[in-house]
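Per the working numbering, the sequence shown runs over residues 289 to 551. Report on one structure; see the data block that follows.
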Amino acid sequence: MPTSLLPSTFDDLGTGSVVVFLHGFPFNRSMWRQQIDFLSARRFRVVAPDLRGLGENKSGEEVATMEDMAREVAALMDRLKMDRATICGLSMGCYVAFEFVHLFPARVRALVLCGPRAQGPDDAERKSREEQAQRVLAEGMQFAVASISTNLLAQKTVTEKPEVVARVSDMVLQTDPRGAAAAQRGMAARRDYSDELANITVPTLIIAGREDGVRKPEDAEFIHRGIRGSQLVVIDDAGHLMNMEQPERFNRALIDFFERLTH
């Protein structure tokens, strides 16, 4: 059995309309804990896998492509007998979501893109990701923790929510360096999704953190313009991990969007 289909690699809670959460890099499914608890108590079935090479999903390969990750999500849905779902990705999870909606459009009921970017990597990004992959293999994950406060989180989170900083740091340190390197190389090999935005016809919510230092709100606005009828929500006092930094506001944006889908 593929590692990604083992029960230890995903959460499956609640009953009702299916929502699949795809985590960011270099994290795992536990980043969605507050969304899983919130939605599973409100007549939603919530599935959150560890993506290929991350969390408990130990793949051991040198490159984990976004397409491979999307196909694993589809295989998990097959195993759980889920025909369609709302796909919600954050950061790297958005790349996987773009691949999923491209490969399996009939299986997507709606799309939620958090801290997204549609453009593909340029030469500088590809070079940087390979350097990061080599460094993490040589040094481990400790060096990556230093960038959390400067890049991933809003200043208010850093100063007022030490528990969030600690959770994020713990997730980074728990990540297998081999899986992190494989994901870095997979992101370096990703496609440019810009020209495919107009092909997305399902209801789409885009969420950005006002203080995101990794993916600027302008990246979200570009996608918002490209997907006809999409909705854009920008959350104040939030950085790249807006679902953890401002969970109440994030969950409200989700539930408002989902309620509109039923009307």
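Backbone N, C-alpha and C define an ideal beta-carbon position, used for all residues, glycine too.
Run of the alpha helix (DSSP H) containing residue i, from where it starts to where it stops
{"i": "V460", "result": "450 to 462"}
{"i": "I515", "result": "From DSSP, I515 is part of no alpha helix (DSSP H); its letter is neither H nor E."}
{"i": "R359", "result": "354 to 367"}
{"i": "P535", "result": "535 to 549"}
{"i": "A477", "result": "First-last for A477: undefined, no H or E at that position."}
{"i": "L493", "result": "Unbroken run through L493 is the beta strand (DSSP E), 492 to 497; no alpha helix (DSSP H)."}
Opposing strand residues paired with residue i [DSSP bridges]
{"i": "L391", "result": "Bridge partners of L391: none, in fact."}
{"i": "D325", "result": "Paired residues: none, contrary to the question."}
{"i": "G377", "result": "L310, L401"}
{"i": "D299", "result": "A336"}
{"i": "L520", "result": "I494"}
Burial state of residue i, where buried means 16 or more other Cβ atoms lie within 10 Å
{"i": "R478", "result": "buried"}
{"i": "E451", "result": "exposed"}
{"i": "F313", "result": "buried"}
{"i": "N316", "result": "buried"}
{"i": "P337", "result": "buried"}
{"i": "S296", "result": "exposed"}
{"i": "D480", "result": "exposed"}
{"i": "Q420", "result": "buried"}
Whole-Å CB distance - residue i paired with residue j, under 8 Å assumed
{"i": "R417", "j": "R473", "result": "7 Å"}
{"i": "I523", "j": "I495", "result": "7 Å"}
{"i": "V502", "j": "L461", "result": "That pair is no contact at about 19 Å."}
{"i": "P404", "j": "D507", "result": "6 Å"}
{"i": "M380", "j": "A471", "result": "7 Å"}
{"i": "N531", "j": "C402", "result": "7 Å"}
{"i": "T303", "j": "R330", "result": "No, T303 and R330 are not in contact; Cβ-Cβ is about 11 Å, not under 8 Å."}
{"i": "R395", "j": "A362", "result": "7 Å"}
{"i": "V456", "j": "L529", "result": "6 Å"}
Unbroken beta strand (DSSP E) run spanning residue i, endpoints
{"i": "S305", "result": "305 to 310"}
{"i": "V335", "result": "332 to 337"}
Neighbourhood of residue i by C-beta distance below 6 Å, restricted to the same chain and skipping five residues each side
{"i": "L493", "result": "V400, Q519, F545"}
{"i": "T445", "result": "V452, E533"}
{"i": "V308", "result": "V335, A373, I375"}
{"i": "L425", "result": "P465, A469"}
{"i": "P409", "result": "A476"}
{"i": "S482", "result": "A406, Q407"}
Contacts around residue i, its chain only, beta-carbon distance under 7 Å, and the 5 residues preceding and following it disregarded
{"i": "R340", "result": "S292, S347, A352, D356, M357, E360"}
{"i": "L301", "result": "I324, S328, V334"}
{"i": "A526", "result": "A442, G497, R498, E499, E533, Q534"}
{"i": "L549", "result": "A398, P491"}
Residue i: CB within 7 Å of a non-hydrogen atom of the ligand PLP
{"i": "W320", "result": "In terms of ligand content, the structure shown is empty, and the ligand PLP therefore cannot be addressed."}
Sequence-distant residues of its chain with Cβ nearer than 8 Å to residue i (five each side left out)
{"i": "A541", "result": "L493, I495, V521, I523"}
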